């Protein structure tokens, strides 16, 4: 069965490619941890982004508690709570929609949404749509860039107001959402010498990575 699956995948991408890896969507977290481990590009950036997000969350939490200690004002803490609630509800939808529209932007079709509630995983898959590194980069980075810009702009616009805590809470927690996206990019970056292409096969819940073989002289 495994050989038949790979043969079908080979038929999707055509001749002149070599299979590098197949990921079962159920095991994607292990794959991401492995690729991020020693990566000094996207992996390091992701760790720094996460670290900054956690530090920011700690900073605004302390800052939000100051009015509580001084005057019993819980408004800032309340807006942080709304931010957390938004992150585990609406932000998940927005994050995946940004991936969806980024796929459309790079020309991919046959899109669908998937999730694994036990592992709290949500994703968009592009069935049998072949993407190279540059196109996949647009898809992976869309939520990082768009949500980041909106949250930073909101933080500046509502500086020292209640909504300041709402936007910065979202920015901080969203950094945790993005490690999977950056981890997928690490696969390409860890093999810079290869011209890598990837696609999903929805029916079997797998993602394939192929490298383009050099043309015979």
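In our numbering, the protein residues as written are 14 to 230.
Ideal placement from N, C-alpha and C gives every residue a C-beta, glycine not left out.
All values reported here derive from a predicted model rather than from experimental measurement.
Under the DSSP definition of a beta bridge, which residues are partnered with residue i?
i, result
"residue 127", "136"
"residue 223", "32, 210"
"residue 144", "211"
State the Cα-Cα distance for the pair residue i and residue j, rounded to the nearest angstrom.
i, j, result
"residue 204", "residue 36", "16 angstroms"
"residue 123", "residue 218", "14 angstroms"
"residue 33", "residue 27", "15 angstroms"
"residue 23", "residue 156", "31 angstroms"
"residue 128", "residue 51", "28 angstroms"
"residue 200", "residue 179", "34 angstroms"
"residue 49", "residue 158", "20 angstroms"
"residue 188", "residue 31", "34 angstroms"
"residue 137", "residue 207", "25 angstroms"
"residue 66", "residue 184", "7 angstroms"
"residue 47", "residue 83", "47 angstroms"
"residue 120", "residue 168", "33 angstroms"
"residue 116", "residue 149", "8 angstroms"
"residue 202", "residue 29", "21 angstroms"
"residue 163", "residue 74", "20 angstroms"
"residue 118", "residue 110", "12 angstroms"
"residue 193", "residue 45", "6 angstroms"
"residue 225", "residue 104", "36 angstroms"
"residue 107", "residue 227", "40 angstroms"
For residue i, count neighbouring C-beta atoms within 10 Å of its own C-beta (all shown protein chains included) and say buried if the count is 16 or more, exposed if not.
i, result
"residue 216", "exposed"
"residue 55", "buried"
"residue 93", "buried"
"residue 147", "exposed"
"residue 197", "buried"
"residue 64", "exposed"
"residue 87", "exposed"
"residue 130", "exposed"
"residue 273", "Nothing in the structure corresponds to residue 273, since the chain is present only between 14 and 230."
"residue 139", "buried"
"residue 132", "exposed"
"residue 14", "A caution first: residue 14 carries a pLDDT of 46, below 50, which makes its placement in the model unreliable, though a value can still be read off. Burial call: exposed."
"residue 101", "exposed"
"residue 141", "buried"
What are the start and end residues of the beta strand (DSSP E) that includes residue i?
i, result
"residue 37", "30-37"
"residue 171", "No beta strand (DSSP E) contains residue 171, which DSSP labels as neither H nor E."
My understanding is that residue i touches residue j, with C-beta atoms under 8 angstroms, so please give their C-beta distance in whole angstroms.
i, j, result
"residue 77", "residue 97", "Their Cβ separation, rounded to whole angstroms, is 12 angstroms, which puts residue 77 and residue 97 out of contact at 8 angstroms."
"residue 112", "residue 152", "6 angstroms"
"residue 210", "residue 144", "7 angstroms"
"residue 6", "residue 25", "Examination of residue 6 is not possible in this model, given that the chain is present from 14 through 230 alone."
Considering just the uninterrupted stretch of the alpha helix (DSSP H) at residue i, what are its terminal residues?
i, result
"residue 75", "55-84"
"residue 92", "88-100"
"residue 199", "192-202"
"residue 104", "103-118"
"residue 41", "41-49"
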